[in-house]
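These notes are about the structure you will find just below.
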Amino acid sequence: MEENKEEIQWISKIRRHFHLRIEIYNRRKTIKQCKKEVLQTTLQLGKVTYQCVLNQKESEEIAALSSFIQQRLVTIEELEQQIRQLKQGEEEQDFLDAMF
Numbered sequence: 005m006e007e008n009k010e011e012i013q014w015i016s017k018i019r020r021h022f023h024l025r026i027e028i029y030n031r032r033k034t035i036k037q038c039k040k041e042v043l044q045t046t047l048q049l050g051k052v053t054y055q056c057v058l059n060q061k062e063s064e065e066i067a068a069l070s071s072f073i074q075q076r077l078v079t080i081e082e083l084e085q086q087i088r089q090l091k092q093g094e095e096e097q098d099f100l101d102a103m104f
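Here this note's numbering runs 4 ahead of the position in the sequence shown, where the first position is 1.
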């Protein structure tokens with residue numbers, strides 16, 4: 005009976021670990037996509053800004069692109085914070101598992 009309980013705890017710990025790894029992987033994948041979008045949008049912003057300088061005009065597109073870049077940078081920071089929290093939660097759970 006005790007052996008089954010230990011096996012169940014061990015299996016639960018492994019499942020929790022792999023679920024956490026999947027969550028971290030998904031967030032890192034999203035971060036990578038956001039960084040790619042930031043780079044592409046920054047290049048686009050540079051082109052639009054250059055055209056505005058050439059045409060000596062203001063452009064609403066500059067503001068829109070800048071806003072999009074800001075949103076993506078905020079998303080990246082939030083996802084990185086979630087990854088840190090997931091890792092900390094795993095460490096705390098491992099500590100609790102070791103205690104009992």
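Idealized CB from N, CA, C, for every residue including glycine. Note that the structure is predicted; figures quoted are calculated from it, not measured.
Between the alpha carbons of Gln13 and Lys40 lies a distance of about 41 Å. Ser70 carries a helical assignment under DSSP once its states are collapsed to helix, strand and coil. Judged by DSSP in its simplified three-state form, Gln92 adopts helix. Excluding residues up to 5 positions away in sequence, Ile35, Cys38, Lys39 and Val42 lie with their Cβ nearer than 8 Å to the Cβ of Ile80 in the same chain.
Of all C-beta pairs linking the segment 23–31 to the segment 81–96, three or more are shorter than 8 Å, placing the two stretches in contact. In the three-state DSSP reduction, Ser16 falls in the helix class (H, G or I).
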